[in-house]
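For reference, the structure discussed in these notes is given below.
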Amino acid sequence: MFDIDIFDGLIEFAAVIALTVSGWIVTKQVRRRMQKSLGRKPADLELASLNTWMRVEEAEQRDKESSSIHPR
121 MFDIDIFDGL IEFAAVIALT VSGWIVTKQV RRRMQKSLGR KPADLELASL
171 NTWMRVEEAE QRDKESSSIH PR
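Letter by letter, the sequence shown follows residues 121 to 192 in this note's numbering.
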């Protein structure tokens, strides 16, 4: 019975580590995307700001439209 408790504890610990690492990776990706779109390093509060994300979407849309080829 004691071995099962240790095994459960190891699984929980591994899950916490996996979630922590994946959260860190996602945060880095989000920061990189915002920095590319805004042209500056975003503050921590801006990562969750709806207004900032709207500006990021607008900037990405402008970049997408300007980089696409419009045959005329």
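All C-beta atoms in this analysis are idealised placements derived from N, C-alpha and C, irrespective of residue type, glycine included.
Item	Value
Ala-163 in three-state terms, based on DSSP	coil
Euclidean distance between Cα positions of Thr-147 and Ile-124	34 Å
Through-space distance from Leu-165 to Ser-187, alpha-carbon basis	30 Å
Per-residue burial, Ser-157 [other beta carbons within 10 Å of its own, 16 or more giving buried]	buried
Member of Glu-178, Leu-167 and Ala-138 whose CA lies at the smallest distance from the CA of Arg-151	Leu-167
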